[in-house]
Amino acid sequence: MEPLKIEMLTFDLVTVGHFSIDFIKTRKDSSPKHTLGGPPTFVSLAARKMGVKVSVISNVGDDFPDEYCEWLISEGIDLSMLRRIRNASTTRYLLIYDEKGERQLILKARAPPIRPEEIPEALTAKVIHISPIAGEVSYEVTEKLRRHSNLLSLDPQGLLRRFDEDGRVYLRKTDPKILSKIDILKASEREIEAATGESELTQAIRHLHEKGVGIVIMTRGRQSTILSFNGKIYKIPTARSRVVVDTTGAGDVFIGAFLAEYIKGEDPIWSSCVGSASASYVIEEVGPMGFKSQSDVYERAAQIYEEVSPATNI
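First residue of the sequence shown? That's 20 in our numbering, and the numbers climb one at a time after it.
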């Protein structure tokens, strides 16, 4: 009898977290528009546009449209580790943007969490990006993922979120032990404060490095992104978009493009410029439709690179 052959699942970047069906309402909309969302969408598409091989680990319900899967596959995203669970709902959010561009986030449905046994033993990846949006990734899952890649990246948003009885999102101060397993962390200013308990941002970044995080990326909306590594802090300018229509997924696009460049051997500063450039295009349209070619992104990234500066104050 021939030995059983195990087919390896080998990728450059794997995103772990849930897809979302987003209902987005801006000040110009009379009713919300629904679109495909969630980190697996935006991170994967951004990285794929930069030429790397991507996959996702995620759970959806039987309400997840077939056309979403077909479109993602047509864009070059591997869905072999996507689980469609019968009689379950896909995670759904209502996002309401005010006239200042600030958003209110309301959870409408939540898919079942990702379990350690759902991580294939045959999986290997250059980097795994962990990005829960509603508490679907546990410490035990992260421990197992550590065995499948030498590089783990984290967006802690879904670990910090709590929900009131109406589904409205708020952040709770917490210090997830998951940080001890992480090499790269991308989070907003408020999320970093919540994760560390430090209101002074330089102290908060130092706290993350002391936990073992090598690269810290702090996004700040339309302000410069803060990049910290090897004892130095930099300001990465935000590229000027033609028009800002929908900022949903901008942070996911940033980290997707960043990781794609970083695993090619590029330094964190250039990788951040590529992330900033990629995100600046996507926010010009609703949902995941604003991605540009690699050459367009590189051209804008080169302009951003010329304006990078050391951060003397945050």
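Positions of the beta carbon are idealized from the N, C-alpha and C atoms, including for glycine. All of these numbers come straight from a predicted model, not from anything done at the bench.
Measure the C-alpha to C-alpha separation of Y116 and I125 and round it to an integer number of angstroms.
12 Å
Taking the DSSP output, what are the residues bridged to S74?
V33, D97
Would you report the Cα separation of C88 and P287, rounded to the nearest angstrom?
32 Å
Out of D81, P59, E121, L190, which one is the CA nearest neighbour of I92?
P59
Give me the Cα-Cα distance between Q322 and D271, rounded to the nearest whole angstrom.
Straight-line Cα distance between these residues: approximately 21 Å.
Express the C-alpha separation of I201 and N332 in angstroms, rounding to a whole number.
Answer to the nearest angstrom: the Cα atoms are 26 Å apart.
Buried or exposed, going by whether 16 or more other CB atoms sit within 10 Å of the CB of G70?
exposed
Per DSSP, what kind of secondary structure is L23 in: helix, strand or coil?
At L23, the pLDDT of 43 sits below 50, so the modelled position is not reliable and the matter cannot be decided from this model.
What residues in its chain sit with their C-beta under 7 Å from that of L278, if we drop five residues either side in the sequence?
L32, A66, V146, H148, S172
From S207 to R239, what distance separates their C-alpha atoms?
Taken atom to atom, the span from the alpha-carbon of S207 to that of R239 is near 6 Å.
For the alpha helix (DSSP H) containing S299, list its first residue and its last residue.
287-301
Put V316 into one of helix, strand or coil per three-state DSSP.
For V316, the secondary structure class from DSSP, reduced to helix, strand or coil, is helix.
Quick one: grab the DSSP three-state call for K200.
helix
Measure how close the beta-carbons of Q242 and E210 come, nearest whole angstrom, since I'm counting them as under 8 Å.
Contact flag wrong, Cβ pair sits at about 15 Å.
Going by beta carbon distance, what residues of the same chain come within less than 6 Å of G275, once the five residues before and after it are set aside?
V62, A65, A66
Measure the C-alpha to C-alpha separation of E217 and I203 and round it to an integer number of angstroms.
19 Å
In the structure shown, what three-state DSSP assignment does Q322 receive?
Q322 falls in the helix class under three-state DSSP.
I'd like to confirm the pairing. Which residues does DSSP put opposite K68 in its beta bridges?
According to DSSP, K68 bridges with nothing at all.
Does the distance from the CB of T109 to the CB of F83 come in under 8 Å?
yes
Looking at the unbroken alpha helix (DSSP H) that takes in I224, where does it start and where does it end?
220-229
If you drop the 5 nearest sequence neighbours on each side, which residues of the same chain put their C-beta closer than 6 Å to that of R191?
R181
Tell me where the alpha helix (DSSP H) around I274 begins and ends.
269-281
Under the three-state reduction of DSSP, which class applies to Q242: helix, strand or coil?
coil
Closest Cβ-Cβ distance between H226 and chain E: below 8 Å?
In summary, chain E is missing from the structure at hand, where a single protein chain is found.
Span of the beta strand (DSSP E) holding G177?
For G177, no beta strand (DSSP E) encloses it; the enclosing alpha helix (DSSP H) starts and ends at 176-179.
Between which two residues does the alpha helix (DSSP H) containing T161 stretch?
In this chain, the alpha helix (DSSP H) harbouring T161 covers 158-165.
Using three-state DSSP, classify S150 as helix, strand or coil.
coil
Can you look up F61 in the DSSP assignment and give me helix, strand or coil?
Looking at F61 - three-state DSSP - the assignment turns out to be helix.
Using only CA atoms, which one of L113, E325, G154, L114 lies nearest to P132?
G154
Looking only at its own chain, which residues have a Cβ that is under 8 Å from the Cβ of S328, when we skip the five neighbours before and after it?
Y253, K254
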